[in-house]
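**Student:**
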């Protein structure tokens with residue numbers, strides 16, 4: 054690579070883990086960072102200079118990076134401690150030329166680098182094609198996953214109507230460049246097969262205030278029927294036409310809205326250089342997509358019923374086999390995937406399963422590999438997984454005890470459960486943000502001097518990305534919670550080096566009428582249907598309302614899932630969902646608080 | 054005024070309720086908005102044009118404005134509905150000249166207006182002196198309140214050390230212009246007597262990185278001893294010298310930090326026009342002042358003990374007299390002030406007392422006048438008041454039932470109390486902001502479809518402003534809570550047209566070690582000592598830990614205040630602070646939750 058940079062008269066090059074849409078999951082041909090460094094995480098950035106090279110990752114990958122990357126070649130740095138900009142400041146000198154691929158960075162990402170370069174008297178240079186592509190022998194070709202229509206029975210709203218809503222939301226702009234393929238998928242009611250885990254079609258669209266929309270998708274992805282249907286909605290063009298079209302619009306002096314989170318700098322600068330007027334903002338589709346309609350919610354309920362039955366079959370299987378001490382993390386992950394495939398409706402798993410035993414469970418974003426694959430022994434087992442079904446996307450975490458859990462495990466699990474229940478039961482006025490309720494999931498841990506280091510919940514798409522914005526429950530969750538938004542509810546606790554706990558259900562924001570209310574109130578419906586391990590609960594730490602919630606939840610799981618599983622599984626399910634309130638030994642001796 | 058504007062060739066003028074330091078309480082000579090319009094609230098803006106005039110106020114003053122302002126002359130507009138900028142947009146035409154007093158606006162306030170003017174092709178014109186001053190016959194002269202030294206026994210840190218800390222916090226700036234008189238007071242350990250309720254000295258200071266500080270205060274405010282002491286710390290100059298000094302510093306090409314929240318546009322532009330380099334940011338003194346040292350906290354505890362005894366004497370007096378139905382809101386406010394004056398330590402009340410009976414209590418920022426002065430009858434009485442003592446500033450609200458309260462009053466009061474207790478008992482990790490815990494005060498109201506429309510808590514100074522930043526508990530409270538910060542804890546509930554409830558104590562952030570903690574945890578110490586009305590509590594809605602908190606709080610009030618009051622008051626206090634947990638009728642029949 055350094056030889057290639059020298060040939061191009063460059064002193065360095067930026068290698069982000071990114072494709073031209075800033076996707077979380079990218080096509081194999083976009084894994085330039087992995088090709089260069091060996092690092093396979095879903096976020097990161099390498100900077101290669103003549104003498105030095107560094108790779109920057111966030112806390113999730115602090116451990117993995119040391120295993121995957123040759124540290125004699127790369128300095129491995131934590132983003133929270135050293136920003137790429139501050140590292141560059143110490144490396145750049147006057148006259149240096151630092152290259153970047155203008156398709157892989159947004160304008161705002163570049164701004165931070167150009168400030169740094171300017172200070173040092175260095176120059177940022179766009180380079181096309183990406184120099185890595187010439188070096189990477191056997192680089193996979195770009196994916197050509199077929200685009201499928203996402204039927205009305207799943208989408209609940211016609212693409213025609215969605216396009217009209219978007220056109221009406223453009224304000225003073227003449228058009229919107231849709232650069233987020235999730236947004237393209239939503240607005241045209243299509244799904245793709247280009248990247249793992251998320252059914253998005255790599256594509257762009259232009260939606261005009263007063264003209265026919267244009268969809269830029271590779272013709273190889275469209276069969277005749279799909280093309281015919283889409284042609285009634287939009288002009289269908291090859292992605293290679295987009296640059297020319299933006300140039301033409303720029304020459305006409307149009308005003309375009311660009312989604313600042315995903316637009317490649319290349320496209321914005323083509324339009325800008327041609328004389329167009331750029332507005333960088335938020336694609337209005339994000340907020341529309343976040344609020345699911347009744348059809349999508351009905352689909353989500355069906356998907357969760359199906360997914361819940363698969364998960365219950367897995368948990369029964371796990372309860373039978375795990376105590377024998379022979380299962381590994383990979384065995385468990387594969388078994389669960391098999392139970393999901395048995396539904397004959399699974400399109401993909403919605404993200405790589407986190408199957409973690411013992412100390413591995415203390416790593417919130419653990420991903421099992423052949424090297425780390427642990428035997429599941431006495432202690433704690435955590436499994437975080439999900440499925441992509443045409444009617445909905447699932448994401449669920451359960452933590453189970455193998456053998457008899459310790460009192461400390463039960464105390465911590467019960468505190469996490471109390472936080473989970475507090476979110477599930479939360480009632481709040483319209484206008485409340487996720488940031489305002491995040492602490493409800495934490496106060497029981499805080500009282501013991503504990504916390505967890507991630508948000509309480511992320512948004513989830515409808516047969517789309519399992520990580521969707523703008524909705525979230527975290528201290529940074531500034532989006533107002535609106536009816537129809539799907540989110541996760543996943544507080545946890547991680548005892549580093551020992552074990553970890555997370556309890557995750559998906560929830561939907563819903564109107565919650567209350568007698569005598571003075572404000573329009575909202576609450577959550579819980580979608581996920583799977584037992585929560587009673588063996589890990591310390592009932593004395595729960596109050597009556599928490600017990601009532603848990604018993605009602607388990608009764609619903611039992612009632613909904615029982616008809617879908619075989620008698621042996623059903624017997625296990627009945628025991629796993631037995632009510633706490635009728636258990637002997639639960640009757641409290643004194644009215645003392647149990648918190 | 055319109056004649057004067059015509060004489061000055063102006064088409065309009067901005068009249069903010071502001072002095073040149075953006076103070077909450079201003080000197081009488083600065084009440085130009087009241088002179089012009091009759092409006093006496095603490096925030097607002099009038100815009101006078103040739104044909105039209107409008108006055109903009111926030112929700113607190115929505116009712117008062119209609120009473121005070123002649124609506125045939127002024128359109129009275131709510132800031133939340135119509136911004137002054139959007140109103141101006143509909144009024145300004147090309148070539149119009151809109152005047153403003155450059156001492157009464159910060160540069161960022163003006164920016165918003167200049168954008169609007171520019172769009173319309175109009176011009177913003179600085180006008181000095183303020184045209185109102187020539188018209189206002191009998192305008193009071195500027196105050197010359199004596200500056201007093203704030204002794205080491207109250208401040209706990211020498212001004213010398215504070216000045217060094219500020220100098221060290223200037224970063225790449227050569228100096229800081231201290232334009233917030235609260236900050237001048239804190240850093241020089243002085244207090245003034247220029248405005249009501251807050252002992253601030255109207256003054257400026259320049260604090261240099263590497264040179265002697267300068268204090269700009271009117272010589273008429275300084276006696277010899279004060280001047281001698283201050284001269285050891287700083288050069289003492291007349292405020293009229295500041296403009297010349299800023300001009301000189303600008304010519305030397307210095308870089309100055311201006312406090313963007315308080316700096317008058319006039320001063321920034323003098324420096325900028327002379328060639329200086331302006332950095333608009335946050336005065337670092339704000340964050341230093343917010344964290345009280347041990348001496349200040351000891352002072353606060355003493356002030357609250359003294360203030361609590363005065364309040365208890367008042368509450369006893371009120372309990373005796375109110376049931377007879379002869380008291381008015383003003384009687385109550387004056388009585389409380391008298392009890393505070395009886396301590397012989399009261400310097401001032403810390404804000405105009407809110408003494409509100411019945412429906413007036415439903416107005417969170419109610420201020421009694423001769424016109425509104427209601428008789429205190431059966432129902433609810435709310436009193437929100439505070440004192441300025443040299444050792445500390447107090448702010449406390451108590452809501453009492455006169456006669457037997459209704460079940461609805463008791464339900465609402467108890468929900469507010471539960472929120473108050475949740476804040477008082479909160480434990481949270483270092484790094485938590487006020488925004489993250491605000492909801493803890495609301496969830497019990499939310500469950501009933503209710504809420505309150507103000508923040509849960511504001512910062513409080515140490516013998517300084519009763520409203521101090523940056524610390525606050527509200528959904529906008531982005532400042533991290535740090536040990537030593539004093540805040541209010543004041544959830545409420547307002548039943549418009551009927552009655553209102555608020556329970557307010559001051560609290561201090563303190564380190565809260567917890568056995569086995571994995572994070573550094575913080576909690577609150579409650580400073581305020583006064584009974585909370587037991588008649589308004591529905592004990593069945595409290596859980597055991599809430600009852601334990603209340604009983605322990607009341608035991609502390611009883612123990613601390615009893616020795617300070619006469620036997621008759623003491624007997625009343627003992628009854629008013631009797632423990633709930635030993636009350637007959639409290640024993641719960643079932644272990645059912647009471648939340």
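Residue numbers (my numbering), protein chains in the order written: chain B, 54 to 648; chain Z, 54 to 648. Think of the CB as a built atom: it goes at the ideal place given N, C-alpha and C, for glycine as much as any other residue.
#1: Does the beta-carbon of residue 563 (chain B) have 16 or more other beta-carbons within 10 angstroms, so that it is buried, or is it exposed?
#2: Hey, is residue 528 (chain B)'s beta-carbon within less than 8 Å of any beta-carbon in chain Z?
#3: Taking the continuous alpha helix (DSSP H) assigned at residue 58 (chain B), which residues delimit it?
#4: Would you mind reading off the limits of the alpha helix (DSSP H) that contains residue 488 (chain B)?
#5: Please list, in chain order, all residues of the same chain as residue 334 (chain Z) whose beta carbon is under 7 Å from its beta carbon, the five residues on each side excluded.
#6: Residues in the segment 499 to 531 of chain Z with C-beta within 9 Å of chain B's C-beta atoms, listed in sequence order?
#7: Could you name the residues that DSSP lists as bridge partners for residue 552 (chain B)?
#8: Give me the subset of the segment 459 to 484 of chain B whose CB atoms are less than 8 Å from a CB atom of chain Z, sorted by chain position.
#9: Leaving out five residues before and five after residue 261 (chain Z) in sequence, what residues of the same chain have Cβ atoms less than 6 Å from its Cβ?
#10: How many angstroms separate the CA atom of residue 177 (chain Z) from the CA atom of residue 565 (chain B)?
#11: Can you have a look at residue 438 (chain B) and say buried or exposed, based on whether 16 or more other CB atoms are within 10 angstroms of its CB?
#12: Identify every run of the beta strand (DSSP E) within the segment 72 to 138 of chain Z, keeping only runs that are complete inside it and at least 3 residues long; order them along the chain.
#13: Helix, strand or coil: how does DSSP classify residue 535 (chain Z) here?
#14: Starting from the beta carbon of residue 569 (chain Z), find every residue of chain B whose beta carbon is closer than 9 Å, and list them in chain order.
#15: What is the DSSP secondary structure of residue 561 (chain Z), counted as helix, strand or coil?
#16: Please say whether residue 87 (chain Z) and residue 99 (chain Z) have beta carbons closer to each other than 8 Å?
#17: Could you pull out every residue in the same chain whose Cβ sits closer than 8 Å to the Cβ of residue 325 (chain Z), ignoring the five residues on either side in sequence?
#18: At 3 residues or longer, what runs of the beta strand (DSSP E) sit wholly inside the segment 496 to 521 of chain Z?
#19: Out of B:328, B:520, B:425 and B:211, which has the shortest C-alpha to C-alpha gap to residue 286 (chain B)?
#20: May I have a chain-ordered list of the beta strand (DSSP E) segments no shorter than 3 residues that lie completely inside the segment 345 to 423 of chain B?
#21: Residue 613 (chain Z) lies in the alpha helix (DSSP H); which residues open and close that run?
#22: Provide the residue(s) that pair with residue 312 (chain B) in DSSP beta bridges, ordered along the chain.
#23: Less than 8 Å between the CB atoms is what I'm expecting for residue 633 (chain B) and residue 582 (chain B), so what's the real figure, rounded?
#24: Which value, in whole angstroms, describes the spacing of the CA atoms of residue 171 (chain Z) and residue 144 (chain Z)?
#25: Nearest to residue 317 (chain Z) by alpha carbon, out of Z:553, Z:164, Z:377 and Z:458?
#26: When we look at the beta-carbon of residue 377 (chain B) and count the other beta-carbons within 10 Å, is it buried (16 or more) or exposed?
#27: I'd like to check one pair, residue 494 (chain B) with residue 476 (chain B): are the Cβ atoms closer than 8 Å?
#28: I'd like to know if residue 491 (chain Z) contacts chain B, where contact means its C-beta is closer than 8 Å to some C-beta of that chain.
#29: Would you identify the three-state DSSP class for residue 578 (chain Z), choosing helix, strand or coil?
#30: Between residue 485 (chain B) and residue 547 (chain Z), what straight-line distance do the alpha-carbon atoms span, to the nearest angstrom?
#31: Please name the residues in the segment 76 to 105 of chain B whose beta-carbon is closer than 9 Å to at least one beta-carbon of chain Z, in chain order.
#32: For residue 602 (chain Z), which residues of its own chain have a beta-carbon under 7 Å away from its beta-carbon, when the five flanking residues on both sides are left out?
#33: Do you know how far the Cα of residue 550 (chain B) is from the Cα of residue 502 (chain B)?
#34: Have a look at the DSSP bridge pairing and note the partners of residue 525 (chain Z).
#35: Measure the alpha-carbon distance for residue 407 (chain Z) versus residue 93 (chain Z) and round it to whole angstroms.
#36: Tell me whether the segment 602 to 619 of chain B and the segment 505 to 513 of chain B touch, counting them as touching only if at least three CB pairs, one residue from each stretch, are closer than 8 Å.
**Tutor:** So, from the data block:
#1: exposed
#2: yes
#3: 55 to 60
#4: 487 to 490
#5: 310 and 313
#6: Within the segment 499 to 531 of chain Z, the residues whose Cβ lies closer than 9 Å to some Cβ of chain B are 499, 500, 501, 502, 503, 504 and 528, listed in chain order.
#7: B:548
#8: 479, 480, 481 and 482
#9: 228
#10: 50 Å
#11: buried
#12: 98 to 102, 106 to 110 and 128 to 131
#13: coil
#14: 501, 502 and 503
#15: Reduced to three states, the DSSP call for residue 561 (chain Z) is strand.
#16: no
#17: 303 and 331
#18: Segments of the beta strand (DSSP E) lying fully in the segment 496 to 521 of chain Z: 510 to 512.
#19: B:211
#20: 407 to 410
#21: 597 to 614
#22: B:334
#23: With a Cβ gap of about 18 Å, residue 633 (chain B) and residue 582 (chain B) do not count as contacting.
#24: 13 Å
#25: Z:164
#26: So residue 377 (chain B) ends up on the exposed side.
#27: yes
#28: yes
#29: strand
#30: 19 Å
#31: none
#32: 474, 477 and 478
#33: Going from the Cα of residue 502 (chain B) to the Cα of residue 550 (chain B) covers about 18 Å.
#34: Z:511
#35: 15 Å
#36: no
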